[in-house]
């Protein structure tokens, strides 16, 4: 009996232990801890700590795998990070757990749009319609999703349902004609657009859409016929004129096409923004070279029709610059600045053109104004810095380039490369050798094949007779990347000269001279030629080159004191 009692007690303990395990599995997650972690994740996300927020949300889901709010927030983070598969999985689960939450379905739709998983969209929009049957946008979204998924018959049914439920709508008519075109039923497409014209005879939309359809079908005469009808109902409509211009272009009647374009641009019914977009699209056309004279005429019309709009003059300047009419473009930018001097992009274009034209005095005057007006605009500061550098205003140049560096976006590597390289030039001019070297090295870390940086860094090292082996490597590389460049060949010759390799230096300096236009051989190049000849024992030839260098320097207003001493002494002077 005693033995049985002991067995009974063991059995009770055993049952209690195992029932305890079962009870523990049924206990819901610690809601206080879950809530604490959830709000911690939201706070981390608000502070921009997305990785930490995602990690905290994972902890929430470890404790409570069916926490739909955490799944939703995690999916949003994953969408931001473009982890679309994980985002879709978590958003799908959130929506399945709580199908009454509209935002979960909206997020799931957005993710699948980005994934271009169009077949997944219709069921999602059907759920949204179930939740909000009176929300027209969801019906349109469903129809368009069916269209994207190429289920055209169902898309048509949905558009018809929209029309029955919400009334006739232009968008439904236009969408249906697009479907008919996809189904190779152009007659039905024409019928839809004809219905749109009947419904709204005083709106250009139907005429233009039907004309465009005829043009797609290679029927420009039919297009013109419907557009003429349109102009009878809406005289002077600019959008009908633009469509006519396309039709005449299809018929190779460029004179009438241009006339219609000019009529559209003269119309006050089209705003400046629309005309601007049109001009830009015309210049990006494959036939833009043929269109260039017409586009410039239209741009000039804009300046006459909008004489107080800086944008009109700036656009005209942009188009002239695109055609390499730089002086004329500069005139338009100056007019734009006179109207509104607070648009940094116009100043940047102006400075860039003046630097290209070698108008250093004018660029300097504008650099002072632009750099003061836009202290936090990196491109403005960059171009201003070059204007200062050209005029040897090295301290001002340094301030501009350092400002450009401070405000440039970290991912704008082309600009950062140029800024660092320009700082290298500027620091060198200010006798800041260590800073100059560091700036060049930063530029080459970003772009190791930047030929300008390779050349300048090598040249300035050679002038200091410092690290000549590295200078030779960089200079040689710049010549491999950009062969037959006389400036780079001159640099390599000078590095070789500093290394005492005079015979090879002669080969490279003569290449540099041969590749320079006769009237553009610089005084520095001729001076180097003389120095190399002197080291090779060709004294008279060396003096002749120094004399030629002196003439070239005097013509450019450069200092010739050292050259004069070398000529008088008939010897190389360092």
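Residue numbers (our numbering): 285 to 858. Positions of the beta carbon are idealized from the N, C-alpha and C atoms, including for glycine.
* Of all the alpha helix (DSSP H) runs that stay within the bounds of the stretch 636-663, which reach a length of 4 or more residues? -> DSSP runs (the alpha helix (DSSP H)) wholly in the stretch 636-663: 644-657.
- Query: Under a Cβ-count criterion, where at least 16 other Cβ atoms within 10 Å of its own Cβ denotes burial, should residue 641 be classed as buried or exposed?
  - Reply: Exposed, since its Cβ has fewer than 16 Cβ neighbours within 10 Å.
Rounded C-alpha distance that separates residue 311 from residue 318:
Interpretation of residue 311 is limited by its pLDDT of 34, a score under 50 that renders its predicted location unreliable; the figure taken from the coordinates is listed afterwards. The straight-line gap from Cα to Cα measures roughly 14 angstroms.
- Query: Which residue's Cα is closest to the Cα of residue 859: 842, 730, 731, 704?
  - Reply: The first residue shown for the chain is 285 and the last is 858, placing residue 859 beyond what the model contains.
Proximity of residue 361 and residue 389 at Cβ, strictly below 9 angstroms:
No, Cβ-Cβ distance for residue 361 and residue 389 is not below 9 angstroms.
- Query: Can you tell me whether DSSP reads residue 575 as helix, strand or coil?
  - Reply: In the structure shown, residue 575 sits in a helix (DSSP, three-state: H, G or I).
key: Candidates 566, 604, 575: closest to residue 584 by CA position   = Distances from the CA of residue 584 to each of 566, 604, 575 were compared; the closest alpha carbon is that of 604.
Have a look at residue 821 and residue 771 and give me their C-alpha separation to the nearest angstrom.
Cα to Cα, residue 821 sits roughly 25 angstroms from residue 771.
Please state whether DSSP places residue 490 in a helix, a strand or coil.
Residue 490 falls in the helix class under three-state DSSP.
Fill in: CA-to-CA distance, residue 483 to residue 453, given in whole angstroms
Distance between the alpha carbons of residue 453 and residue 483 is about 10 angstroms.
Problem set entry | alpha helix (DSSP H) runs wholly inside the stretch 661-693, at least 4 long, in chain order | Within the stretch 661-693, the complete alpha helix (DSSP H) segments at least 4 residues long are 662-674, 678-691, listed from N- to C-terminus.
| message | Which same chain residues end up closer than 7 angstroms to residue 733 when comparing Cβ atoms and leaving out the 5 residues on each side of it in sequence? | response | The residues are 765.
Short of 7 angstroms in beta carbon distance, which residues of its chain neighbour residue 736, apart from the five on each side in sequence? Order them along the chain. Sequence-distant partners of residue 736 (beyond 5 residues in either direction) whose C-beta falls short of 7 angstroms from its own C-beta, in its chain, are 705.
Give the secondary structure of residue 820 by DSSP, where H, G and I count as helix, E and B as strand, and everything else as coil. Reduced to three states, the DSSP call for residue 820 is coil.
For the alpha helix (DSSP H) containing residue 566, list its first residue and its last residue.
Secondary structure note for residue 566: its alpha helix (DSSP H) is the uninterrupted segment 556-567.
Q. Over what stretch of residues does the alpha helix (DSSP H) that includes residue 519 continue unbroken?
A. Per DSSP, residue 519 belongs to no alpha helix (DSSP H) and is neither H nor E.
Where does residue 365 sit, in a helix, a strand or coil, going by DSSP? If DSSP states are grouped into helix, strand and coil, residue 365 belongs with coil.
(Q) Let me make sure I understand the geometry here. Which of 751, 553, 674, 381 has the alpha-carbon closest to that of residue 351? (A) For the residues 751, 553, 674, 381, the minimum Cα distance to residue 351 belongs to 381.
Determine the closest residue to residue 230 out of 683, 727, 334, with distance taken between C-alpha atoms. Residue 230 falls outside the range modelled here, since the chain spans only 285 to 858, and no answer is possible.
Inter-residue Cα distance where the pair is residue 455 and residue 477 | Taking the straight line from one Cα to the other gives about 11 angstroms.
Residue 758 classed as buried or exposed, judged by whether at least 16 other C-beta atoms fall within 10 angstroms | A residue is called buried once 16 or more other Cβ atoms fall within 10 Å of its Cβ, and residue 758 is buried on that count.
Q. So, using beta-carbon positions, are residue 511 and residue 487 closer together than 9 angstroms?
A. Result no, Cβ atoms of residue 511 and residue 487 do not sit closer than 9 angstroms.
* Asked: Is residue 592 helix, strand or coil when you go by DSSP?
  -> Three-state result, residue 592: coil.
In angstroms, rounded to a whole number, what distance separates the CA positions of residue 678 and residue 709? For residue 678 and residue 709, the distance between alpha carbons rounds to 9 angstroms.
Quiz prompt | Sub-9 angstroms separation of residue 347 and residue 378 beta-carbons | solution = Going by beta carbons, residue 347 and residue 378 fall outside the 9 angstroms limit.
Task: Distance between residue 461 and residue 407 (C-alpha atoms, nearest Å) - done: In this structure, the CA atom of residue 407 is about 24 angstroms from the CA atom of residue 461.
Quiz item: In angstroms, rounded to a whole number, what distance separates the CA positions of residue 304 and residue 376?
Solution: For residue 304, the pLDDT reaches just 36, beneath the cut-off of 50, and the residue's location in the model is therefore unreliable, leaving the point undetermined.
- Item | Selection from 840, 854, 806 that minimises the alpha carbon distance to residue 828 | Out of 840, 854, 806, 854 has the C-alpha closest to the C-alpha of residue 828.
Could you tell me which of 573, 611, 472, 559 sits nearest to residue 586, measuring between CA atoms?
Measuring from the Cα of residue 586, the nearest candidate turns out to be 559.
**Asked** For residue 367, which residues from the same chain have a beta carbon less than 7 angstroms from its beta carbon, with the 5 sequence-adjacent residues on both sides left out?
**Response** Excluding residues up to 5 positions away in sequence, nothing lies with its Cβ nearer than 7 angstroms to the Cβ of residue 367 in the same chain.
| Closest to residue 780 by CA distance: which of 795, 371, 746 is it? | Among 795, 371, 746, the Cα nearest to that of residue 780 is on 746.
Quick one: residues in its chain with C-beta nearer than 6 angstroms to the C-beta of residue 601, no 5 flanking neighbours on either side, listed in chain order?
-> Within the same chain, and ignoring the five residues on either side of residue 601 in sequence, the residues whose Cβ sits closer than 6 angstroms to its Cβ are 613, 616, 617.
ask   = Which one of 804, 646, 811, 802 has the shortest CA to CA distance from residue 793?
value = Of the candidates 804, 646, 811, 802, the residue whose Cα lies closest to the Cα of residue 793 is 811.
- Classify residue 714 as helix, strand or coil using the three-state DSSP reduction. Of the three classes helix, strand and coil, the one that applies to residue 714 here is coil, per DSSP.
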